[in-house]
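Heads up: the protein sequence lines correspond to chains A and B, in order. Counting along the first sequence from 1, when you hit position 31 you're at 54 in my numbering, and nothing is skipped either side. Counting along the second sequence from 1, when you hit position 110 you're at 217 in my numbering, and nothing is skipped either side. We put the CB at the ideal spot given by N, CA and C, even for glycine.
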Amino acid sequence: DSGVTQTPKHLITATGQRVTLRCSPRSGDLSVYWYQQSLDQGLQFLIQYYNGEERAKGNILERFSAQQFPDLHSELNLSSLELGDSALYFCASSVGRGRIDTQYFGPGTRLTVL
Amino acid sequence: AQSVTQLDSQVPVFEEAPVELRCNYSSSVSVYLFWYVQYPNQGLQLLLKYLSGSTLVESINGFEAEFNKSQTSFHLRKPSVHISDTAEYFCAAGSTGNTPLVFGKGTRLSVIA
């Protein structure tokens, strides 16, 4: 158990809909990262927050947005969903903001868009 | 931009045989290298990492990786694998600044009894 929790575990929805994925980092960790894992694209970095502020941005679509709240939990919002958004979404956390920090991954949320 | 290549998508190997999972990265300037492992139905977890110093790094469960700057490689090896090593292994590279950690596409290691 990494100490990172993600809800829900599974999500099935229809095209055009909007969903929110939630992540609680390990106690004491200030950074939260979001990744998308799919068979064709592999593991893609989406976005990082550090202590409430956006720190780094990766291949995140404009239809996707995220935020980190004062209690450090984070939410990833996916809107106008398309079939291609079906994937496993991971949240990870680390104590610091840097690239050398070990990232602790949650168990993931499997999103299926029908 | 940094890129990471894992040359083998799947590696089947018999139990107690040695294994090498290959990883190459694109830039050798101030690079930090990681191997993460993903067991079935779980998230990724750190296996080992190279930040600086000795080019050979080891994990607690018998894996080791060697940083080779001239060949821009960070191959993962284990002299004798167990069934429990069956998993997907991801190589990742990071550098200084705000650039995100870049992951390879993963290598699925299947250990056969």
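Rounded Cβ spacing between A/S22 and A/R41 (contact assumed at less than 8 Å): Limits of chain A in this structure are 24 at one end and 137 at the other, which puts residue 22 of chain A out of reach.
Bounding residues of the beta strand (DSSP E) (the contiguous stretch that carries A/H33): H33 to T36
B/F170 to A/L69 span [Cα, whole Å]: 29 Å
Sub-9 Å separation of B/V126 and B/V188 beta-carbons: yes
Cα-Cα separation, A/S50 to A/S116: 10 Å
Cβ-based neighbour list, B/L151, same chain, cut-off 8 Å, excluding 5 preceding and 5 following: Cβ neighbours of B/L151 beyond the five flanking positions: Y143, V144, Q145 and F197.
Inter-residue Cα distance where the pair is A/L21 and B/E165: Nothing can be reported for residue 21 of chain A, as the shown portion of chain A is limited to 24 through 137.
Beta-carbon gap between A/Q91 and A/Y112 smaller than 9 Å: No, the Cβ-Cβ distance between A/Q91 and A/Y112 is not below 9 Å.
Uninterrupted beta strand (DSSP E) stretches inside the segment 120-207 of chain B (no shorter than 3 residues): 126-128, 138-145, 151-157, 163-165, 171-175, 180-185 and 194-202
Cutoff 9 Å: B/P207 Cβ touching any chain A Cβ: yes
Nearest-angstrom beta carbon gap, B/T112 and B/G201 [assumed within contact, 8 Å]: 16 Å between Cβ atoms; not a contact.
Cutoff 9 Å: B/L151 Cβ touching any chain A Cβ: yes
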